[in-house]
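With full-length UniProt numbering applied, the sequence shown covers 1 to 722. Written below as structure tokens is the structure these notes are about.
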Amino acid sequence: MQEDMADASAECLDEYVNIVSRMFHSEDEGFEFYNKYALEKGFSVRKGYVEWDEANEKIILRKLVCSREGCREEKHMKRKREDRKRKPRNITRVGCKAKFVIARVAKTGRWFVKDFIDEHNHPLAPRDLACFLRSHRRISDEQKADIIEMESVGIRKHKIMDVLCMQYGGYDHVGCMTRDIYNFCHRYKQETVAAGDAQTVICHMMARQERDPDYFFKYLVDKDGHLKGLFWSDTQSRLDYQAFGDVVVFDSTYRTNKYNLPFVPFVGLNHHRSTVIFGCGIISHETNEAYEWMLRTFSEAMSQKHSISVITDGDLAMQRAIRVVWPDSYHRLCVWHIQQNIVRHLHDDEVREEFRSFIYDSSSIEEHERKWIEFLRRNEVTSEESWLHQMYQMRKLWCAPYLVGRCFLGLSSNQRSESLNSVLHTHLEGKMTLFDMLEHYERCLSGRRLNEAILDIVALQSVPFTDADASSLEKHAARVFTPCMFQLVRWSISVVSKCVISEILDAWELTTYVVAKIDRREKKFEVRCEMKEGSLYRISCSCRKLECLGTPCSHIFYILGIRQVELLPRCCVPMRWTMSAKSAFPPTRKSEMYDYSASLMRYRELRNLSHAACFRACQSSEEYQHLNMVLSEKDGSKESSRGEEECIRFGPVLPQTTEIDCGDLEKVLDPVHVQGRGAPKKRLQARMKKQRSKRKCGYCGVEGHNRRKCNKLKEEMMAANC
């Protein structure tokens, strides 16, 4: 026993002598040595007292102490202090005397150990838990780059921690905790918008415009200089609008930034019938003036080309702005929003169903008006402020008879915009800055273009399958339409067999066919075939599907088959549904929307190369040993200079780059926080999903308990038994 104690004492003495005889090249090297020693022992290090030279320029002495050194002040030990606003934290200071003091030799500049005490008055942490102590938690630069990369694509912080644990082989090898990741991301974002959130966004857009002259943005400030309106659209979005801007859907949504500014995306349909984004804007208030400014700015960005049709929600300010700025565009209200309002305002199921019939009933306008008057009279609607009367006043914006023949490409709601908002909400949070919102919008935009590129390559390298005995019209349609649109065209071809000709009217270079369905002969459609120089020049149908949806109807396919036409006429193949839709506007797809610093670009390239090299090296023991030695030598070598860069950027470079001088830009202040118009704090739920009523007691009728736990019933039963 005594021999073991003697050996332990000798070992401790050797360790003590080894430590106090150490020399270091710098203060940081001394700190790293003591911190590594603390990790092995199980305590955390904190920097304490410091002495400067006479010129107050260089540190000549540094005292490093145990993190549990000192004691909490007496005034902070009172739990019920009158001025205390927060719950007191756990006590960590216990007066530990352990310390490590290093001093600088003036002549050589090296550091020596001046004092060392290794006695602790508290339990030390075991080795597997010491990694969680403060001085041992440090996010390395390479980890920071990976964290920012994962966080920017919407991966939550706790999931990032899971990825790091998987990569490093356990939480004890990561070097940080989830809370450290939260803190780092917060500090990083604060540094990004240090010049001001709105100012940073404007400078970023100016830099983008400097690199790409066709990048468009415009902003508006109030009298105090606060940002109150912003619209932007990049080059590809502006080209997309020229090709697919015949129908525009837009809707405002809240809860996408910490100022609660309404976020307004402008979207449409591309040649694959997928969502395409034309631009985005934010406004401070949903007023007539704000929406008029937004629409005029949008028109300016799109070379004053107005869309044929517009779909919005029921916002009155939005409606008035469209009538002023786009008076010639067809406008319809979103059916989905109308359905929600039906459930909210109408409580009788029969009344709801009758009202819904007005949305889809395609009878004549006269018949429709007669039904409306009867419906209002039967439900005793007399007040002009009632919802039914207001909807009657807006009937031309949503009732089917008034929308017949208008081009909406089959869209009846702004679900395209709502879908985009849903995607954005998976990344956006209510506490995000405008710069965060812009960054995530760019990521979403890049993802949409990736989907379009995939659909493009599929359409270019393949043709939809058709049966061997398919008609020549169907085979031709498979070649000219995009695969997604061909599926709609194929359905029209499949019902051709149900059509029949009831009458043929011949005139000079014009033949009219009266077509009906076999099972509905009373409903007839006129197919007009115009001839020019002996060949079919134009064909149209009274059902107006070709004009409204952009694809030939079954009646047209039936007549083309009767006339033994083998190829679809050009008038039946709108260019917007073909791969030639953007032939006049070559796409400038860019997979990366941001520029990165030179050092980070080099890091990403080397990282990708090292992944392949490491995977190959791990297949054999010799290659593993060789690569491990090379990387270990590189990791242990002296840190290389960072060149001219003063700091490392772990994500996209700051908007205040050398490319653009923002010094002449008038200061744009951050927006004023606005109150959403009727938007609830939580995520909007479909109103058709009825809220479950709270359970009530079957005896007393009070909420919060049932009959078995009813105190009133128990008291009455006890009184009856007495």
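Idealized CB from N, CA, C, for every residue including glycine. In this text, all values refer to a predicted model and were calculated from it rather than measured experimentally.
Judged by DSSP in its simplified three-state form, isoleucine 308 adopts coil rather than helix or strand.
For valine 45, the uninterrupted beta strand (DSSP E) run begins and ends at 45-52, by DSSP. Taking C-beta separations shorter than 6 Å and ignoring five residues to either side along the sequence, the partners of serine 233 in its chain run Phe216, Gly279, Ala301, following chain order.
By alpha-carbon distance to serine 252, the top candidate from Leu450, Thr312, Trp372, Val630 is Thr312. The beta-carbon separation of cysteine 548 and cysteine 334, rounded to 17 Å, does not stay under the 8 Å limit for a contact.
Counted as a single uninterrupted DSSP element, the beta strand (DSSP E) harbouring tryptophan 232 occupies residues 227-233. Separation of glycine 701 and methionine 717 (C-alpha to C-alpha, rounded to the nearest whole angstrom) is 17 Å. Bounds of the alpha helix (DSSP H) holding leucine 560 are 554-562. From the listed residues Thr92, Leu510, Ser540, Glu439, the smallest Cα separation to glutamate 533 is found for Leu510. For glycine 281, the enclosing beta strand (DSSP E) begins and ends at 275-283.
The Cβ-Cβ distance between lysine 144 and phenylalanine 112 does not fall below 8 Å. In the DSSP assignment, cysteine 444 falls outside any beta strand (DSSP E) and lies within the alpha helix (DSSP H) extending over 434-461. Spatial neighbours of glycine 30 in its own chain (CB-CB distance under 6 Å, excluding positions within 5 residues in sequence) are listed in chain order as Phe24, Ile102, Trp111.
Cβ atoms of glutamate 439 and serine 152 come within 8 Å of each other, at about 6 Å. Considered as a whole, the segment 80-164 harbours 99-104, 111-117 as its complete beta strand (DSSP E) runs of no fewer than 3 residues, in chain order. Here DSSP, grouped into helix, strand and coil, assigns glycine 245 to coil. For valine 702, the secondary structure class from DSSP, reduced to helix, strand or coil, is coil. The Cβ atoms of arginine 563 and valine 404 do not sit closer than 8 Å to each other. For lysine 371, the three-state secondary structure derived from DSSP is helix.
The beta carbons of lysine 305 and glycine 245 sit about 6 Å from each other, so the pair counts as a contact at 8 Å. Assignment of methionine 391 by DSSP, reduced to helix, strand and coil, places it in the helix class. The beta-carbon distance between glycine 314 and methionine 294, rounded to whole angstroms, is 17 Å. This is too long to meet the 8 Å contact definition.
Taking arginine 86 as reference, the option from Thr92, His76, Val94 with the minimal CA-CA separation is His76. Around the beta carbon of valine 264, 16 or more other beta carbons sit within 10 angstroms, so the residue counts as buried.
By a beta-carbon distance limit of 8 Å, isoleucine 518 contacts valine 500. Their separation comes to about 6 Å. Taking the CA atoms as reference points, threonine 578 sits about 20 Å from serine 471. One Cα belongs to serine 21, the other to leucine 606, and the distance between them is close to 40 Å. Considering only Ser140, Gln461, Cys66, the residue with the shortest C-alpha distance to proline 123 is Cys66. In chain order, Pro483 place their CB closer than 7 Å to the CB of valine 458, counting only its own chain and leaving out the 5 sequence neighbours on each side. The DSSP-derived three-state label of aspartate 506 is strand. Scanning Tyr168, Thr200, Arg137, Asp212 for the CA closest to the CA of glycine 175 turns up Arg137. Under the DSSP definition of a beta bridge, isoleucine 59 partners with Trp52. A contact between stretches requires three or more CB pairs, one per stretch, nearer than 8 Å, and the segment 568-578 meets this requirement with the segment 474-490. Apart from the 5 residues on each side of it in sequence, valine 201 sits with its Cβ closer than 7 Å to the Cβ of Leu434, Phe435, Leu438 in its chain, given in chain order. Residue range 520-532 is occupied by the beta strand (DSSP E) that includes methionine 531. Per the C-alpha coordinates, the member of Lys709, Pro569, His389, Gln393 positioned closest to glutamate 474 is Pro569.
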